[in-house]
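What follows is a short report on a single structure.
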Amino acid sequence: MSEHHPAPASGRGDPHRRPRRETVTHASAVGGAALPRPRPHHAPARSEISEQTTLGHTYVRSLMRSQLRAALTGLGALVLLVGSLPLLLALPAPEAVVWAVLGVGVHPVVWAVAHWYVRRAERNERDFTGLVER
Numbered sequence: 000m001s002e003h004h005p006a007p008a009s010g011r012g013d014p015h016r017r018p019r020r021e022t023v024t025h026a027s028a029v030g031g032a033a034l035p036r037p038r039p040h041h042a043p044a045r046s047e048i049s050e051q052t053t054l055g056h057t058y059v060r061s062l063m064r065s066q067l068r069a070a071l072t073g074l075g076a077l078v079l080l081v082g083s084l085p086l087l088l089a090l091p092a093p094e095a096v097v098w099a100v101l102g103v104g105v106h107p108v109v110w111a112v113a114h115w116y117v118r119r120a121e122r123n124e125r126d127f128t129g130l131v132e133r
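Structure follows, in structure tokens:
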């Protein structure tokens with residue numbers, strides 16, 4: 000940084016020296032305490048996505064990964080719960096029990112997994128929209 004030399008008492012400064020710089024804020028002008036500086040404005044994520052920048056691409060990939068994770072979790076639950084039915088039905092049981100399990104027992108399981116997946120996908124989209132709208 001450059002050195003600071005006070006101006007001579009005569010009021011005439013050396014023509015080769017720069018004048019002293021002074022930062023003036025509203026608070027210092029009225030004699031109050033210093034006010035906090037405003038944060039720098041960053042471009043919203045929506046513009047990053049629409050302009051197809053690297054950051055926008057990262058946002059979209061993040062949403063896609065979270066949706067894929069939810070879909071694979073739901074598929075895994077269905078494979079474990081419904082896929083294990085042949086093993087369960089291989090046990091000796093009356094025919095009425097087999098039909099009851101297939102006709103009544105499977106549908107609530109499929110509905111519960113589908114309901115969970117839809118709620119999870121909507122939450123992922125809501126979180127993404129909240130991130131983009133900030």
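In terms of numbering that gives the first Met the number 0, the sequence shown has 43 at position 44, counting the first letter as 1, and numbering is strictly consecutive.
Heads up, the beta-carbon is just placed ideally off N, CA and C, and yes, glycines get one too.
Query                                                                                                                               : Result
So, is A44 buried or exposed, given that buried needs 16 or more other C-beta atoms within 10 angstroms?                            : buried
One question on the structure: do G73 and V112 come within less than 8 Å of each other, judged by their Cβ atoms?                   : yes
Grouping DSSP H, G and I as helix and E and B as strand, with all else coil, what is L205?                                          : Residue numbering for the chain in the displayed model covers 0 to 133; residue 205 lies beyond these limits and cannot be assessed.
Quick one: grab the DSSP three-state call for E132.                                                                                 : helix
Which of the three DSSP states is assigned to A89 in this structure?                                                                : coil
Should E47 be labelled buried (16 or more other beta-carbon atoms within 10 Å of its own) or exposed?                               : buried
Tell me which same chain residues have a C-beta within less than 6 Å of the C-beta of V100, skipping the five on either side of it? : none
Is the beta carbon of N123 sitting closer than 8 Å to the one on L62?                                                               : yes
Distance, Cα to Cα, Q66 vs R60?                                                                                                     : 10 Å
Under a three-way DSSP split, which group does H106 fall into?                                                                      : helix
Measuring only the C-alpha atoms, how far is Q51 from V131?                                                                         : 14 Å
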